[in-house]
Every structure is written in C-alpha cells, then in structure tokens.
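One line per chain: the protein sequences are A and B, in this order. Per this note's numbering, residue 123 is the first one in the first sequence, and the count goes up by one each step. Per this note's numbering, residue 83 is the first one in the second sequence, and the count goes up by one each step. Don't be surprised by glycine CBs; every beta carbon is placed ideally from N, CA and C.
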Amino acid sequence: MALDDIPRLGCGRSIDRIWATTDRPPTAHEEHCEHCQTARTRLQGLREATRLLRESDLHNPALKPRPAIKNAIMGVARAEVRRGSKILLRSADNGTTEITEQALRSLIRFAAAAIPGVHSRRCRVEIRSAAASPAGEDHASATTGTATTAGPRLIVNLRVAAAPGIVIPRTMESLRREISNALPAGVGIGAGTVNITVEDLYDV
Amino acid sequence: MSDQSIQGSIITSRLIASIATRTALETPGVLRLEPTIQGFLARLGPAALQHLGNPGSQDGTYRHNGVTVTISDGTARVHLDIATDIAYTALHVAETVQERVRETISHTGLTPGTVDVTIRAIEPHRGATML
C-alpha cells in the first residue's frame with residue numbers, strides 16, 4: 123500500500139499546492155473553500171516572513187562571500203570565457219579528445235612570434251568537415267589561403283600588423299608556413315586553411 | 083555461521099580522481115590540470131553546483147580541479163582538463179593519458195569506461211627556451 127505523506131486539507135488539496143500559489147489570485151475552488159481560504163491566509167503570513175528573512179540575508183554583510191572567494195570565482199569564469207568553444211579532435215570507444223579554441227590560438231600566436239616584423243592581433247579558429255566547402259571558398263580579397271583535407275578541417279583567421287619595410291607577401295608566406303607546421307607539430311592535426319589579413323603597420 | 087572475515091574495499095570516485103590526476107601529471111607533455119568553473123564550484127559545496135542545473139553531479143560523481151569522475155555499475159568514467167607542453171604533440175599526449183588512466187583504473191578492480199580529455203591550454207614549459 124502506498125503511503126501518502128503529503129499534508130492535505132479537509133478538501134483534499136495539498137498544503138504544498140496552496141503554498142506554491144499564495145502569490146497568485148485564488149482559484150475558483152479556493153474562493154469558495156473554507157479550508158483553502160484559512161490555509162491561504164496563514165501561509166501568506168509565512169510567505170511574508172520568508173520574504174523578509176530573504177531580504178535580510180541579501181543585505182547581511184556576514185553572509186556575503188569574502189572578496190577572495192568572489193575574485194577566485196570571477197577569475198575562473200573569465201578564463202572559461204576566454205577559452206572559447208571546444209573542437210572535437212578525436213572520438214573513439216575509449217573516449218574523446220577535444221581542444222579549446224584558446225589553446226589553438228595561443229599555439230598560433232607562438233608560431234607568429236617566430237616571424238620577425240609581424241605582430242599578431244585577433245585570431246579566430248573555426249572547424250568544418252572536409253566536405254563542407256571547397257578549398258578557397260572563404261578567401262576574401264585581402265586574404266590568401268592554403269588548404270588540406272586531412273583530419274578536422276581548421277580555418278584559421280589571423281589578423282596581423284606588419285613592420286614597415288618588410289616585404290609583406292613573402293613575410294606572410296613565411297608566417298603561413300610557420301602556422302601550417304606548428305599545428306601538426308603542437309596539436310597533431312593539419313592546419314587546414316590559414317587566412318591572414320594584414321590590417322595595419324606598426325612603428326618599429 | 084562462519085567466523086571467516088570478508089575482505090573488501092570501497093573504491094570511491096574521489097580515489098579514482100586522485101589516481102587519474104597523478105597518472106595524468108606523470109605523463110610526459112602534461113603541464114598541469116586546468117580548473118574549470120564547475121570544479122571550482124564543486125569545492126564550495128553541492129548547493130553551488132545545483133545552481134548550475136547539473137543534478138547528476140551529486141551521485142557517484144566527484145569533481146576537483148580539472149578532473150571529473152563518475153562511477154556507475156562498477157565502471158569509472160573520467161574527464162580530464164589538461165594543459166600541455168608546446169614541445170609535445172597535444173593529441174598524442176592526450177592519447178597517452180587516456181591509455182595510462184584506463185590502465186590504472188583497471189588495477190583498482192573497476193572497469194575503465196571512457197576517458198575524455200580536453201586540451202585547455204598549450205604553453206611552453208616554464209624554464210624552457212622558445213627558439
């Protein structure tokens with residue numbers, strides 16, 4: 123036999139149901155039911171007391187988190203946002219391997235730092251299936267790219283500032299080669315398309 | 083009634099997390115485990131995790147900085163968030179971690195389930211010189 127431990131009023135309604143709706147107008151049944159009306163009146167007093175306690179807790183300095191805890195939570199939360207989306211590298215029966223966009227971006231920036239006369243700026247990494255689009259589809263007029271179809275197809279969009287006096291096309295080819303070598307070496311996947319946009323010159 | 087004692091052991095998700103952490107950190111190319119917001123909140127208490135809408139975290143799941151372990155029906159599933167050394171190939175490092183963690187779990191008597199790895203950072207090892 124199932125036991126019903128829920129407290130019920132004489133009319134059969136549960137106290138929980140009345141409690142959940144005390145902030146709303148009474149139903150047609152509650153307007154005419156003596157049990158429900160009494161319960162609502164009593165529970166409204168309890169609801170008001172609960173609200174006052176909650177308000178009091180919100181403004182009680184003793185219940186506020188210490189600044190160190192708040193800063194630590196915010197630090198981890200900001201790091202989570204910076205990491206960006208995750209890219210699936212490999213999926214097998216024994217588990218998956220993913221990489222964050224931030225990890226890829228930092229590797230690309232390290233590669234770019236090896237090329238003299240280039241300051242990397244904004245970097246965005248996308249992933250598409252190899253069959254999603256023909257190579258070169260994403261190329262804007264100011265960018266150039268190379269494509270491979272092995273493994274997950276990455277599309278790297280890197281904006282850079284160049285030093286005055288460098289030969290930009292040759293330097294950008296060196297940069298693209300550096301990134302195309304760094305991704306297989308550092309991550310284990312092909313670089314896919316590397317779009318580079320020279321958006322500015324910087325003073326040496 | 084026999085007086086013979088019954089020997090047994092209790093393998094908790096916390097113990098598996100500890101083993102997985104040590105195994106991962108001993109793998110060449112792993113710099114550290116990376117804390118996540120969920121792992122951090124788990125240290126503050128279950129109530130904080132409930133606010134994230136993750137009710138599954140209360141039963142059989144243990145989270146600590148960068149490692150999450152769930153034990154269910156004698157099978158241990160692990161998720162690791164790692165930072166890898168730029169001098170190593172991250173995918174190979176992750177595969178080695180997966181193999182080693184599965185092997186160490188099998189030594190506990192539990193069945194190793196999936197070992198998922200997220201590479202959260204790739205950095206040069208401190209003290210290493212970048213060419």
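Val-309/A and Leu-173/B have their C-alpha atoms spaced approximately 6 Å apart. Relative to Asp-325/A, the option among Leu-165/A, Glu-170/A, Ile-237/A and His-241/A whose CA is nearest is His-241/A.
The beta carbon of Ile-168/B sits closer than 9 Å to some beta carbon of chain A.
Distance check between Ala-203/B and each of Ile-209/A, Pro-286/A and Thr-149/A places Ile-209/A closest, using alpha-carbon atoms only. For Gly-197/A, the enclosing alpha helix (DSSP H) starts and ends at 189–205. Here Val-240/A carries a strand assignment [DSSP, helix/strand/coil].
Under DSSP, no beta-bridge partner is assigned to Thr-178/B.
Excluding its 5 nearest sequence neighbours in each direction, Ala-102/B has C-beta neighbours in its own chain below 6 Å: Val-149, Val-160 and Val-183, listed in chain order. Secondary structure of Pro-194/B (DSSP, three-state): strand.
For Lys-208/A, the nearest beta carbon of chain B is closer than 9 Å to its own beta carbon. Close to Gln-224/A, with beta-carbon spacing below 8 Å, are these residues of chain B in chain order: Arg-202 and Ala-203. The criterion of a C-beta distance shorter than 9 Å is satisfied by Leu-192/B and Ile-93/B. For Asn-182/A, no Cβ of chain B is located within less than 9 Å of the residue's own Cβ. If you check the CB distance, Asp-198/B and Glu-202/A do not come in under 9 Å. If the five residues before and after Tyr-170/B are omitted, its C-beta is found closer than 6 Å to the C-beta atoms of Gly-111, all from its own chain and listed in chain order. Against Gly-314/A, chain B offers no close residue; the least beta-carbon distance is about 15 Å (beta-carbon pairs closer than 7 Å).
Of the residues Val-278/A, Ala-284/A and Leu-323/A, the one whose Cα lies closest to the Cα of Ala-313/A is Val-278/A.
Comparing alpha carbon positions, the residue from Ile-98/B, Thr-157/B and Ile-164/B closest to Leu-113/B is Ile-164/B.
Residue pairing by DSSP puts Ser-213/A in a beta bridge opposite Thr-218/A. Contact of Val-199/B with chain A is assigned, a C-beta pair being separated by under 9 Å. Contact check between the stretch 185–202 of chain A and the stretch 156–176 of chain A: fewer than three CB pairs, one atom from each, fall below 8 Å, which does not count as touching. Per the Cβ contact rule, the stretch 151–158 of chain A is not in contact with the stretch 174–183 of chain A (fewer than 3 Cβ pairs under 8 Å). Listed as beta-bridge partners of Asn-279/A by DSSP are Arg-246/A and Asn-317/A. Spanning the alpha carbons of Pro-187/A and Leu-180/A requires a straight line of approximately 11 Å. The beta carbon of His-174/B sits closer than 9 Å to some beta carbon of chain A. For Ser-154/B, the enclosing beta strand (DSSP E) starts and ends at 149–154. Within chain B, the residues placing a beta-carbon under 8 Å from that of Ala-307/A are Thr-171, ordered along the chain.
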